[in-house]
Amino acid sequence: MTTDTSRAELDAVVVGAGFSGMYMLHRLRDLLGLSVRVFEAGDDVGGTWYWNRYPGARCDSESYLYCFSFDEDLAQEWSWSGKYPEQPEILRYLNHVADRFDLRPDIRFGTRVTAAHFREDLNRWEIESDQGDRVLARYFITAIGCLSAGQVPNIEGLDGFEGDWYHTGAWPHEGVDFAGKRVGVVGTGSSGVQAIPVIAEQAGHVTVFQRTPQYMIPARHGTVTREFLEEAKRNYNEIFEKRRWTQSGFPFDPSERSALEVDDEERRAIYEAAWEQGGFRFLSATFSDIALDRRANDTAAEFVRSKIRDTVRDPETAEKLVPRDHPFASKRTLIDTNYYETYNRENVTLVDIRHDPIEEITASGIRTRDGDHDLDIIVFATGYDAMTGPFTRIDIRGRGGAVLKEKWAEGPKTYLGLVSAGFPNMFMITGPGSPSVLSNMPVSIEQHVEWISDLVGHMLASGLEVAEAAAEAEAEWVDHVNEVASKTLYLLADSWYLGANIPGKPRVFMPYAGGVGNYRKRCDEVAAAGYEGFVLRGGESVAAR
Ligand code: N01
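Printed below as a string of structure tokens:
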């Protein structure tokens, strides 16, 4: 049933209509029969794929793996065009999902949730939007993404820039005409490395402002054929089941060998083969200890460095591009198409802003210590206030008026990345403390959506009104997340996983590095043990349902 009033009382409010919010709506409405309202800031479905329309935007997960598995007919009727789906293709897929499950009537578009307060007198969440909505809901479910709070650096002078500027995560729908323009790109993470080669083909000149050189693995888009994709479809059941139990949500067989147990020649041959195949397989299919052992990691890092030097013709530029200050894969591994080759173009200049820092933005461009770079357009590929930013931008208050942002001031505190103590009946899809960004996202999203709807179903069947994390269970989980991270090399990089990209953000490793499969097992055990670590309480009003 569609509820169409801005003052409604609903069973559930879901924030966000990307992969997570759409599937959550489908589960709660169509399986459990609940009244659900999704609020979505964009004017249509898609989440990340609605906003990220920058040139070259494509997913780094392979198409046949970056999709829903919950409905066999959906999986079989959709055909991907190649190895990695481009943003428009993923957006078409998500629109197809919205149409197929008739989701739009329960989504209020162009509406940003501004506040969610738990009303202890009613055991309901009171949720407000920037469009004047004020609704009551028993369940408040965030499907707000991990990388949705865009971050434009606070550089003096931006307001006075006379050209145009854009952030990759809020790209204009009509596109940007780069023809003949002098373009500056700040940032060389996943977004920057995808955008730079494409912009360079269109622009008059591109100046890249790089803070940290990165390790990249080639995408090799052409290595997957339609025949391969059709064959994958025939094996979807097996593939989808396998990806649920792996480390990262990809059904690749991980290597069991250490990089240190083979000689130099064999090691190089293994890296070469993975390099030719391209993509994330390089991380798992080569050696087992790249992410765990510094010496093993050094061999992979040195291999990538040699590839940079082989590809970039100007030795000075090549050395600027060579990463040295962090281990391979300790920041999000980047998958590129022609990134290093782009620096062989006449119309591309690299500025190493660690040695030649940005001082200010002037009316006509960017001034670094060593000179002025005149620009018509600035592209900020400068990333996100990751994982916690989407939460702290909403005024979320739990029991006793406790403010989530204050509770998380020293770093996010959750139980299983799903709930936070003191915030009853608030569930987070891919929240901090879950594998989320360290995994193939649709796999983690489906697991969370299904786990949450199972819990809600259990509550309805058992006459329970409130579910919340027990404080001790949460404290243990936070310790466990930190302990697992401490055994990896992730802590050796200044990454957004640690909040290091945001000035003043506490340095805490936010995702759970224990692996998708182990994590799923733990969540299943928690449910099987009667939702161990949760405080579940009944209520007369619910028993009457
Ligand atoms: O952001 P990032 P992103 N001055 O934070 C630099 C996912 N994603 O949008 O490394 C100058 O990775 C910053 O420098 P440094 C994916 O999970 C996926 O690219 O912090 N520079 C860095 O170079 C990804 O990891 C896909 O020193 C500044 C860059 O800007 C995540 O989203 C595609 C700066 C930011 O890189 C975020 O990626 C796109 C400043 N003040 C995104 N502040 C695919 O699947 C930051 N930088 C393909």
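Take 0 as the starting number for the sequence shown in numbering that gives the first Met the number 0 and just add one per residue.
From the three backbone atoms N, C-alpha and C, an ideal C-beta is built for every residue, glycine too.
Could you give the DSSP three-state label for residue i: helix, strand or coil?
i: Q75; result: helix
i: E119; result: coil
i: L135; result: strand
i: Y414; result: strand
i: I106; result: strand
i: R57; result: strand
i: F281; result: helix
i: F508; result: coil
i: P423; result: coil
i: A16; result: coil
i: W124; result: strand
i: T381; result: coil
Nearest by alpha-carbon distance to residue i: which of the options is it?
i: N481; options: E345, G513 and A460; result: G513
i: N51; options: S68, H172 and A97; result: H172
i: P533; options: A199, Q75, A420 and F227; result: Correcting the residue type first, residue 533 is Phe in the shown sequence and not Pro. Nearest of A199, Q75, A420 and F227 to F533, Cα basis: A420.
i: V96; options: Q86, T113, R107 and D72; result: D72
i: T245; options: R396, Y518 and D297; result: Y518
i: H354; options: V347, T367 and A362; result: T367
i: C522; options: A258, L454, S128 and N343; result: L454
i: G15; options: G498, E230 and D43; result: D43
i: M21; options: Q75, L93 and R57; result: L93
i: D83; options: A11, T224, K412 and F208; result: Looking at the sequence shown, residue 83 is not Asp but Tyr. Comparing Cα positions, the closest option is T224.
i: G41; options: L31, I143, H25 and G81; result: I143
i: P54; options: Q86, W450, L31 and H25; result: Q86
Would you kindly work out how many angstroms separate the C-alpha atoms of residue i and residue j, rounded to a whole number?
i: S34; j: G162; result: 47 Å
i: R544; j: L459; result: Confidence is the limiting factor: at R544 the pLDDT is only 28, short of 50, which leaves the residue's position unreliable and the question unanswerable from this model.
i: T487; j: A469; result: 28 Å
i: L102; j: M509; result: 31 Å
i: T187; j: E531; result: 43 Å
i: K241; j: L64; result: 11 Å
i: F139; j: S19; result: 14 Å
i: W495; j: R331; result: 9 Å
i: N337; j: L491; result: 28 Å
i: S363; j: A202; result: 17 Å
i: L27; j: V197; result: 41 Å
i: V151; j: D176; result: 21 Å
i: P314; j: R308; result: 7 Å
i: F390; j: A136; result: 18 Å
i: L463; j: T141; result: 21 Å
i: L535; j: D384; result: 33 Å
i: E200; j: N236; result: 41 Å
i: V541; j: E8; result: Note on V541: pLDDT 37, under 50, position unreliable in the model; no value is reported.
i: V418; j: F302; result: 41 Å
i: V205; j: G179; result: 10 Å
i: R36; j: E125; result: 13 Å
i: R561; j: V134; result: For residue 561 there is no data in the structure shown, the boundaries of the chain being 0 and 544.
Using 10 angstroms around the beta-carbon of residue i, count the other beta-carbons present and answer buried if the total reaches 16, otherwise exposed.
i: D98; result: exposed
i: D132; result: buried
i: P502; result: exposed
i: A527; result: exposed
i: L121; result: exposed
i: G399; result: exposed
i: S452; result: buried
i: A56; result: buried
i: P423; result: buried
i: R233; result: exposed
i: D105; result: buried
i: E265; result: exposed
i: R293; result: exposed
Completely contained beta strand (DSSP E) runs for the stretch 157 to 228, where each covers 3 or more residues: 163 to 166, 181 to 185, 204 to 209 and 215 to 217
task: Entirely within the stretch 232 to 310 and at least 4 residues each: give me those alpha helix (DSSP H) ranges in chain order.
output: 235 to 243, 263 to 276, 280 to 284 and 293 to 310
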